[in-house]
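Structure first, then comments.
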Amino acid sequence: MHGTKAANHAIQACDLLIAIGVRFDDRATGKLEEFASGAKVIHMDVDAAEVGKLRQPEAPVVGDLKPALRALSMELSIDDWRKECLANKVKHAWRYDAPHDGIYAPRLLKKLSEAADEGTILSCDVGQHQMWVAQHCRIRRPELHLSSAGLGTMGFGLPAAIGAQFGCPKARVINISGDGSILMNVQELATIHRYGLPVKILLIDNQALGMVRQWQELFFEKRYSEVDLADNPDFVRVAEAFGIPGFSAQRKDEEDGVVERLLSEPGPLLAHVRIDREANVWPLVPPGASNSTMMEGAMK
Amino acid sequence: MATLQIQLKRVEGSLIRLLGLVGRRGFETEGITARSLEKHMDVTLTVRGARSVEVLGRQILKLEDVERVEAVESKRQ
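Sequences listed follow chains A and B, in order.
Residues 1 to 300 (the working numbering) are what the first sequence spells out, left to right.
Residues 301 to 377 (the working numbering) are what the second sequence spells out, left to right.
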């Protein structure tokens with residue numbers, strides 16, 4: 001739904017789709033009947049109940065992936081296709097030159113992830129920020145990206161970060177959250193304080209339930225309902241009430257400082273970052289549409 | 301409509317988990333008989349749904365307390 005244009009083009013145009021450990025989730029496929037419609041499918045999964053559930057593969061491969069992948073490994077002569085895919089990737093590369101002086105969340109997240117060391121664990125909550133993390137964070141090891149993904153559970157991020165910090169006491173753990181999500185398990189700031197966990201929180205505040213606001217803007221003719229969080233608490237004071245230091249930022253020239261503090265300060269920390277209230281996540285495949293239909297909009 | 305024969309371990313909550321799964325996977329339970337043996341429960345379920353009963357059977361088999369599943373597609377309604 002929010003995948004890259006190049007990735008969607010590649011899938012829609014391919015003649016063979018090797019689906020490894022995936023469940024053909026509707027967020028990934030868009031309109032199922034038109035998903036990779038020209039392709040034969042090899043579906044590899046350890047779970048027999050997933051194979052053939054939504055898409056009939058030409059070649060189901062049920063079992064442990066390690067030996068299966070080794071057995072399937074072979075050279076392919078598809079240089080022209082590879083060139084085409086890479087050219088598309090370059091043509092549709094992300095842009096970060098947002099035409100304003102405020103903080104541009106995609107750019108901030110990219111900077112943060114690139115400056116962080118390889119073992120940094122990033123947890124996120126649910127909503128627009130979750131999509132930006134998936135799109136723009138360079139995560140070297142996928143298992144270090146903690147997301148409720150398609151389960152979409154707001155409130156996931158903070159407890160997940162806490163668990164990760166307990167499990168990996170030496171790792172830098174950063175929870176990226178939104179102003180909607182953070183209040184769903186905000187009491188866990190007490191856990192962070194009680195155990196002295198050096199969890200960092202990057203709170204991206206657009207004063208709204210952003211993902212729902214975006215859908216109401218695009219698909220419900222701006223009939224906004226129950227998405228306005230203009231009455232948010234002062235999040236820095238909330239963190240401080242729990243004994244956790246915090247600071248705010250909202251200008252483009254403060255982005256580097258935010259990254260610097262999150263990656264260098266010991267101890268827990270809340271970085272409260274304000275962004276444009278009308279920021280949207282692009283590209284977007286409208287619900288029920290084919291992945292060939294991608295909407296784009298302004299960088300706010 | 302289809303019928304499933306399921307052998308369950310007699311463990312607290314096993315029947316409820318089975319029925320819950322059937323409902324969550326998009327099927328209506330139209331009929332149920334259950335017979336308790338010493339360590340097992342034999343359950344016959346009649347279900348109705350638009351999806352594949354074969355897939356449902358595989359999903360039921362993933363439950364910890366399910367020992368055997370046999371799916372019989374009877375009438376298409």
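All C-beta atoms in this analysis are idealised placements derived from N, C-alpha and C, irrespective of residue type, glycine included.
Quick caveat, the model's predicted, so the values are computed rather than measured.
### Query
Between the C-alpha atoms of Gly180 (chain A) and Val258 (chain A), what's the straight-line distance to the nearest angstrom?
The alpha-carbon separation between Gly180 (chain A) and Val258 (chain A) amounts to approximately 21 Å.
Next on the checklist: On the DSSP bridge list, what partners appear for Phe247 (chain A)?
Outcome noted: Per the DSSP secondary-structure output, Phe247 (chain A) pairs in a beta bridge with A:Ala271.
- Task: Just confirm the distance between the C-beta atoms of Leu319 (chain B) and Ile360 (chain B), as a whole number of angstroms; I'd bet it's less than 8 Å.
- Result: Rounded, the Cβ-Cβ distance is 10 Å, inconsistent with contact.
Original post:
How would you write the range of the alpha helix (DSSP H) that Met211 (chain A) sits in, first residue to last?
Top reply: Element bounds for Met211 (chain A): 210 to 219.
Exercise for review: Indicate whether at least one CB of chain B lies closer than 8 Å to the CB of Gly52 (chain A).
Suggested key: Yes, its Cβ sits closer than 8 Å to a Cβ of chain B.
8 Å Cβ cutoff, Val391 (chain B) in contact with chain A:
Past the boundaries of the shown model lies residue 391 (chain B); chain B is included only from 301 to 377, so the question cannot be answered.
Taking Cβ positions, are Leu69 (chain A) and Glu255 (chain A) nearer each other than 8 Å? Using a Cβ distance threshold of 8 Å, Leu69 (chain A) and Glu255 (chain A) do not count as a contacting pair.
* Asked: Can a CB atom of chain A be found closer than 8 Å to the CB of Lys339 (chain B)?
  -> No, Lys339 (chain B) does not count as interfacial toward chain A.
Report task. Residues of the segment 23 to 49 of chain A with a CB closer than 9 Å to any CB of chain B: list them in chain order, please. Result -> Of all residues in the segment 23 to 49 of chain A, Asp47, Ala48, Ala49 have a Cβ within less than 9 Å of some Cβ in chain B.
If you run the structure through DSSP and keep just helix, strand and coil, what is Val41 (chain A)? Correct three-state label for Val41 (chain A): strand.
Proximal chain A residues relative to Lys362 (chain B), where beta-carbon distance stays under 8 Å: Those are Asp47, Ala49, listed as they occur along chain A.
Residues within the segment 310 to 321 of chain B neighbouring chain A, beta-carbon criterion of under 7 Å = Identification of residues in the segment 310 to 321 of chain B having a C-beta nearer than 7 Å to some C-beta of chain A yields an empty set.
How about Gln359 (chain B): is its C-beta nearer than 8 Å to some C-beta of chain A?
Yes, Gln359 (chain B) lies at the interface with chain A (some Cβ there is under 8 Å from its Cβ).
| task | Could you give the DSSP three-state label for Leu183 (chain A): helix, strand or coil? | result | Of the three classes helix, strand and coil, the one that applies to Leu183 (chain A) here is helix, per DSSP.
**Prompt:** Is DSSP giving Asn206 (chain A) helix, strand or coil here?
**Reply:** Asn206 (chain A) sits in coil when the DSSP states are folded into three classes, being neither helix nor strand.
What's the gap between the Cα of Ala160 (chain A) and the Cα of Val62 (chain A)? Cα atoms of Ala160 (chain A) and Val62 (chain A): separation of roughly 30 Å, rounded to the nearest angstrom.
Q) Assuming Met184 (chain A) contacts Gly210 (chain A) under a Cβ cut-off of 8 Å, what Cβ separation, rounded to an integer in Å, is found between them? A) The pair is not a contact, with the Cβ atoms about 14 Å apart (cut-off 8 Å).
Exercise for review: Please determine, among A:Val285, A:Cys137, A:Gln187, the residue with the shortest C-alpha to C-alpha distance to Cys124 (chain A).
Suggested key: Ranking the options by Cα distance to Cys124 (chain A), first place goes to A:Cys137.
- Query: How is the beta strand (DSSP E) around Met131 (chain A) delimited, first residue to last?
  - Reply: Segment 128 to 136 is the alpha helix (DSSP H) holding Met131 (chain A); no beta strand (DSSP E) there.
Notebook entry, point to check: Per DSSP, Ile162 (chain A) forms a beta bridge with which residues?
Noted result: DSSP lists no partner for Ile162 (chain A).
Is the number of C-beta pairs between the segment 73 to 91 of chain A and the segment 40 to 51 of chain A that are closer than 8 Å three or more? Not touching, per the Cβ criterion.
- Item | Gly331 (chain B), enclosing beta strand (DSSP E) - first and last residue | It spans 328 to 336 - the beta strand (DSSP E) in which Gly331 (chain B) sits, taken as one unbroken run.
Check: Out of A:Pro268, A:Arg277, A:Asn291, which has the shortest C-alpha to C-alpha gap to Ile103 (chain A)?
Finding: Of A:Pro268, A:Arg277, A:Asn291, the residue nearest in Cα terms is A:Arg277.
**OP:** Report the rounded CA-to-CA distance for Gln371 (chain B) versus Gly246 (chain A), giving the unit in angstroms.
**Re:** It is worth fixing the name first, because residue 371 (chain B) is Ala in this sequence and not Gln. Going by the C-alpha atoms only, they are around 58 Å apart.
| Which class does Asp80 (chain A) belong to by DSSP, given the choice of helix, strand or coil? | Helix, per DSSP.
**Item:** Three-state class that DSSP yields for Ala68 (chain A) in the structure shown
**Value:** It is helical.
### Message
So, at 7 Å on beta carbons, what are the nonlocal neighbours of Ile192 (chain A) in its own chain, with the 5 sequence-adjacent residues on each side left out?
### Response
Taken in chain order, the residues that qualify are Ile162, Val199, Ile244, Pro268.
Review point. Is Phe235 (chain A) closer than 8 Å to Leu270 (chain A) when the C-beta atoms are compared?
Key: Yes, Cβ-Cβ distance for Leu270 (chain A) and Phe235 (chain A) is below 8 Å.
(request) Starting from the Cα of Ile332 (chain B), find the closest Cα among B:Arg310, B:Val347, B:Arg358 and give me that residue. (result) The residue with the shortest Cα to Cα distance from Ile332 (chain B) is B:Val347.
| query | Buried or exposed: which applies to Met295 (chain A), given that a residue is buried once 16 or more other Cβ atoms fall within 10 Å of its Cβ? | reply | Taking every protein chain shown into account, the CB of Met295 (chain A) has fewer than 16 other CB atoms within 10 angstroms, so this residue is exposed.
Would the segment 3 to 16 of chain A and the segment 30 to 39 of chain A be scored as touching if the rule is three or more Cβ pairs under 8 Å? A contact exists between the segment 3 to 16 of chain A and the segment 30 to 39 of chain A.
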